[in-house]
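Colleague:
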Amino acid sequence: MNRFENFKAGLIKDNPVFGLYLGICSTLAITTTVNNAIGMGAAVIMVLVLSNMIISAIRKIVPDDIRIPVFIVIIATLVKIIQMLIEAYAPALNTSLGVFIPLIVVNCIILGRAEAFASKHGVLDSALDGIGMGLGYTVAVIAMSFIREVLSTGILNIVNPFNDAQVWLNVTLIPADYTIPLFNSPVGAFITFALLAAALSAYKTHADKKAEAKAKEVK
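For the sequence shown, position 134 (counting from the first letter as 1) is numbered 176 according to our numbering, and the numbering increases by one without interruption.
(1) Note the first and the last residue of the continuous alpha helix (DSSP H) segment covering Asn77.
(2) For the stretch 128 to 146 against the stretch 92 to 102, are there 3 or more C-beta pairs whose distance is under 8 Å?
(3) Is the separation between the beta-carbon of Tyr179 and that of Ile151 shorter than 9 Å?
(4) Given a threshold of 16 other Cβ atoms within 10 Å of its Cβ, counted over all protein chains shown, does Pro291 qualify as buried or as exposed?
(5) Report the three-state DSSP secondary structure of Leu211 (helix, strand or coil).
(6) Would you kindly work out how many angstroms separate the C-alpha atoms of Ser187 and Leu70, rounded to a whole number?
(7) Looking at the structure shown, is Val59 part of a helix, part of a strand, or coil, going by DSSP?
(8) In the DSSP assignment, find the beta strand (DSSP E) that holds Val201 and state where it starts and stops.
(9) Hey, how far is the Cα of Tyr63 from the Cα of Pro217?
(10) Within 10 angstroms of its Cβ, does Ala44 collect 16 or more other Cβ (buried), or is it exposed?
(11) Using the C-alpha atoms, what's the distance from Ile146 back to Ser274?
(12) Under a three-way DSSP split, which group does Lys162 fall into?
(13) Among Asp219, Ala84, Ile222, Val112, which one has its Cα closest to the Cα of Ile97?
(14) Using 8 Å as the threshold, is the stretch 114 to 126 in touch with the stretch 207 to 215, meaning 3 or more CB pairs across them?
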């Protein structure tokens, strides 16, 4: 694939959450509010892009037998730096996400892209891959959070991550009598994930059949 196709694949076709089924644990846990999703998505994008670039830059000098420990050290260092920045400048978000910020270290999306892509490609390609996969993850968690938050509370509430007293958006979309509290529970998270993953799978199947039909017409 060329650079644009590789970048686009992470958004839809090879979406890390709904297409490759990576990072599901954190996705199910933090997608109770859109605020959580935006914060976690931004953190994952930063770690993905920076770790991909660093690993790509040093890929030729790291011995194969220790590459995984080296990748983990790089990722852990970046996660700690980002965690400290969030704790300093967005304490409310840090409290809301809790342990899931440091657990980005073991998010299989990060290490997976380091091993599968960054360790084999140049810095620019690796940066684009990180952006594409990071945006794909962010879109996935925002989609899940939007569905779960609106169905469980009826309200879409977005606040300034640097000042939780400043509300950016607060709108009631569903009357309180018609909300479904189930979607604020782990069961609701699994249901939402399953429906969105099934929708992406159906889309990919349709796209593949359409591509096969066009190929036959050309022949």
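Every residue, glycine too, gets a C-beta built ideally from N, C-alpha and C.
Modeller: Based on what the coordinates show:
(1) The count along the sequence shown starts at 1 and reaches residue 77 at position 35. From DSSP, the alpha helix (DSSP H) with Asn77 extends over 76 to 100.
(2) Segments in contact, no.
(3) Mapped onto the sequence shown, residue 179 falls at position 137. Mapped onto the sequence shown, residue 151 falls at position 109. Yes, they are a contact pair.
(4) With the chain covering only 43 through 261, there is no way to say anything about residue 291.
(5) Start at 1 with the first residue of the sequence shown, and residue 211 comes out as number 169. Look at Leu211 here: in three-state DSSP terms it is strand.
(6) As a first step, residue 187 must be located in the sequence shown, where it is residue number 145. As a first step, residue 70 must be located in the sequence shown, where it is residue number 28. Going by the C-alpha atoms only, they are around 9 Å apart.
(7) On the sequence shown, position 17 is the one that residue 59 refers to. DSSP places Val59 in coil when its eight states are reduced to three.
(8) Here residue 201 refers to the residue found at position 159 when the sequence shown is read from its first residue. For Val201, the enclosing beta strand (DSSP E) begins and ends at 197 to 202.
(9) Counted from its first residue, the sequence shown places residue 63 at position 21. Counted from its first residue, the sequence shown places residue 217 at position 175. So the two alpha carbons sit approximately 33 Å from each other.
(10) Indexing the sequence shown from 1 puts residue 44 at position 2. At residue 44 the sequence reads Asn, which differs from the Ala that was named. Under this definition Asn44 is an exposed residue.
(11) For residue 274 there is no data in the structure shown, the boundaries of the chain being 43 and 261.
(12) Translated into the one-based positions of the sequence shown, residue 162 becomes position 120. Of the three classes helix, strand and coil, the one that applies to Lys162 here is coil, per DSSP.
(13) By 1-based counting over the sequence shown, the position of residue 97 is 55. The alpha carbon of Ile97 has as its nearest neighbour, out of Asp219, Ala84, Ile222, Val112, the alpha carbon of Val112.
(14) At 8 Å Cβ cutoff, the stretches do not touch.
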